Amino acid sequence: MKIRNQEEVELIVRTTIAEVIEVDVEEVELNSSLYADLGVESLDLLDMSYRVEQEFQIVLPRIDPLYIASGFWEKEDLMKDGLITDLGISLLRKSMPELDPNLLKPGLKVYEVHRLFTPASIVRVILRLLEVKSQIPQECTDCNVPNESAKGTPDLHCPNCEKVYPMPLATDILMEDIKALMS
Ligand SMILES: [Zn+2]
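Count along the sequence shown from 1, then add 3; that gives the number in this note's numbering.
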């Protein structure tokens, strides 16, 4: 598996976004809002996610931290009548440290969360998933040969005995991280 440092991941993310929305890479700053500053639409976001997933052999989560957290907390404790609760706000602030905390204030609506995402948000998630991926055995424990990426999946597999070394789901990884941040 190719190891990428943070600078490389940042450049790949900015370049991918620039390609999808057809602007110069210099215009895509790490802390620009994808929605408000760069005019990224949902279809662009899907296109972008697909390219990033191919590049890094990972699967990005399709939902924001509030919905990820609702696999553990009661949904009503995080959002009520379309508004994010105080617990939800504190959870977002901790789980998206790249955002200006002033953007995450009581009164924020649930549908507004994804509009706050920045290239830095995508970089953070990619780096976390790559970190977990690097902890999967890089050599087959039976054959001692290097494992390879399993085509079309984020898993690794042994080219010799075909044993699969699965990559945990992004939503499970991030939910455990949020639980740790909130405890
Ligand atoms: Zn093997």
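For glycine and all other residues, C-beta sits at the position ideal for the given N, C-alpha and C. Because the structure is a prediction, the values reported are computed rather than measured.
Given residue i as reference, the closest of the options once Cα atoms are compared
| i | options | result |
| --- | --- | --- |
| residue 14 | 178, 155, 46 and 31 | 31 |
| residue 200 | 51, 95 and 59 | Residue 200 is absent from the model: the chain starts at 4 and stops at 186. |
| residue 119 | 44, 166, 141 and 150 | 44 |
| residue 47 | 66, 127 and 21 | 21 |
| residue 10 | 54, 159 and 33 | 33 |
| residue 180 | 157, 50, 75 and 102 | 75 |
| residue 113 | 122, 89 and 58 | 89 |
| residue 148 | 154, 160 and 156 | 160 |
| residue 101 | 140, 110 and 123 | 123 |
| residue 85 | 97, 110 and 98 | 110 |
| residue 145 | 132, 155, 162 and 152 | 162 |
Assigned secondary structure, residue i (DSSP; H/G/I helix, E/B strand, else coil)
| i | result |
| --- | --- |
| residue 38 | coil |
| residue 142 | strand |
| residue 99 | coil |
| residue 105 | helix |
One or two residues paired with residue i in a DSSP bridge
| i | result |
| --- | --- |
| residue 151 | 160 |
| residue 82 | 87 |
| residue 112 | 86 |
| residue 165 | The partner list for residue 165 (beta bridge, DSSP) is empty, contrary to what the question assumes. |
Rounded C-alpha distance that separates residue i from residue j
| i | j | result |
| --- | --- | --- |
| residue 178 | residue 62 | 15 Å |
| residue 7 | residue 106 | 30 Å |
| residue 165 | residue 126 | 31 Å |
| residue 72 | residue 55 | 24 Å |
| residue 82 | residue 117 | 15 Å |
| residue 138 | residue 66 | 24 Å |
| residue 182 | residue 92 | 14 Å |
| residue 187 | residue 185 | The structure shown does not extend to residue 187, since the chain is modelled only from 4 to 186, so the question has no answer here. |
| residue 169 | residue 97 | 28 Å |
| residue 142 | residue 108 | 46 Å |
| residue 41 | residue 154 | 32 Å |
| residue 103 | residue 140 | 37 Å |
Point to revise | Contiguous alpha helix (DSSP H) assignments of at least 4 residues, all confined to the segment 10–63 | key: Complete alpha helix (DSSP H) runs here, min 4: 45–59.
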